[in-house]
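Notes follow the structure.
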Amino acid sequence: MATDRERNLGSGSWKAKAWKLPGSKDAESGAPSPTGLRVSGFNSVCQGTHILFREFSFIQATPHNRASFLRAFWRCFRSVGKNGDLLTMKEYHCLLQLLCPDFPLELTQKAARIVLMDDAMDCLMSFSDFLFAFQIQFYYSEFLESVAAIYQDLLSGKNPKTVIVPTSSSGQHRQRPTLCEASMLEGVEASLFSQCLENLCDRHKYSCPPPALVKEVLSNVQRLTFYGFLVALSKHHGINQALGALPDKGDLMHDPAMDEELERLLAQIPGLVNSVTASPEVSCLPSRTPHRAGFSWRPLHHARKVDTESDGSTEETDESET
């Protein structure tokens, strides 16, 4: 008489019970298998989705986490740029908090200051302007803290012999030195600043932009301001490529994989697409067109005065109007 095991072998059911695919649930408890959990966790790290809705201390813990958060922010809110919307600093901070509820306001303010320079903090910014400024401020935050301290020493006539490297506890939330307006207009000598930053990059234990590219930025001017330096970093094509989190500015609004996924998800919601396209209220919504702050190229030793001095301040607005 055949045993139960022999009957199961004949039907193939024993083999199905003995070999479970990774990610499958336990037949008795219904819980995911340990192997499946490990595979799922590994995949989320590789895809960069492991940082979603996590605390700030986690998303800033490693360079990979920071790059993943930048990429997630771009992919989630790319439609802001595609629609040509201009948002304030506080509105961008709300978007950041959707992905990281305890994201500090101070970091968002610092990123906005790179774009706005001496304009009011409630001015509007395009998505691409804010995104590339935020990338530099967020990914290289500890490095920029040290750069600010060196810049302040040079302004006060000191030649910093000791490179200041912030600790992990003080690097992110330490207040950046206050730079008076007169000093911002004057700036510092680029060659001396370059020497100090070269030493900083050699000794700094946190992520730094490639030293050769930093030197290239500083070799183009004789004097520069602190925020002029940050603008140049955020605009530099090579630094963006070296960081590897975001595409080039020309490809910023293109993400075919995400577009396909969104279309698939929308197609699963009955009547959603038809109701949106057929709704007359959508086309009647008033457009918001207050003053926006241009994020434009200018000599690094000059402060921003009026938008007519820029050669690309309306680039994002032009794209949105076409």
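All letters in the sequence shown, in the order written, are residues 60 to 381 by our numbering. Yeah, the Cβ is synthetic: ideal placement off N, Cα and C, and Gly gets one too.
Asked: Helix or strand or just coil, what does DSSP make of Met148?; Found: helix
Asked: Checking the sheet assignment: what are the DSSP bridge partners for Met176?; Found: In DSSP, Met176 forms no bridge with anything.
Asked: Ignore the nearest five residues each way along the sequence and tell me which others in Gln196's own chain have a CB closer than 6 Å to its CB.; Found: Lys169, Ala170
Asked: Identify, in the order they occur along the chain, each residue of the same chain with its Cβ nearer than 6 Å to the Cβ of Pro269, setting aside the five sequence neighbours on each side.; Found: Ala301
Asked: Of the residues Arg130, Lys264, Ser293, which one's Cα is nearest the Cα of Phe202?; Found: Lys264
Asked: Use the C-beta contact count for Pro204: other C-beta atoms within 10 angstroms, 16 or more gives buried, fewer gives exposed.; Found: It should be pointed out that residue 204 corresponds to Glu in this sequence rather than to Pro. The residue in question, Glu204, is buried, as its Cβ has 16 or more Cβ neighbours within 10 Å.
Asked: When burial is assigned at 16 or more other CB atoms within 10 Å of the CB, is Cys153 buried or exposed?; Found: exposed
Asked: Applying the 10 Å Cβ sphere with the 16-neighbour rule, what's the burial state of Phe288?; Found: buried
Asked: Beta-carbon separation of Leu277 and Gln194 under 8 Å?; Found: no
Asked: Would the beta-carbon of Phe115 fall within 8 Å of that of Cys159?; Found: yes
Asked: Which residue's Cα is closest to the Cα of Ser39: Arg323, Pro329, Lys308, His296?; Found: Examination of residue 39 is not possible in this model, given that the chain is present from 60 through 381 alone.
Asked: Taking the continuous alpha helix (DSSP H) assigned at Leu190, which residues delimit it?; Found: 186-198
Asked: Just to confirm the assignment, what range does the alpha helix (DSSP H) spanning Val276 have?; Found: 270-277
Asked: Assuming contact is defined by CB atoms lying nearer than 8 Å, are Phe132 and Leu164 in contact in what I supplied?; Found: no
Asked: Please go through the same chain and pick out, in chain order, the residues whose beta-carbon is closer than 8 Å to the beta-carbon of Ala126, but skip the five residues on each side of it.; Found: Gly107, Tyr198, Leu302, Gly303, Ala304
Asked: Rounded to a whole number of angstroms, what is the C-alpha to C-alpha distance between Ala207 and Phe285?; Found: 7 Å
Asked: Count the other CB atoms within 10 Å of the CB of Asn299; is the residue buried (16 or more) or exposed (fewer)?; Found: buried
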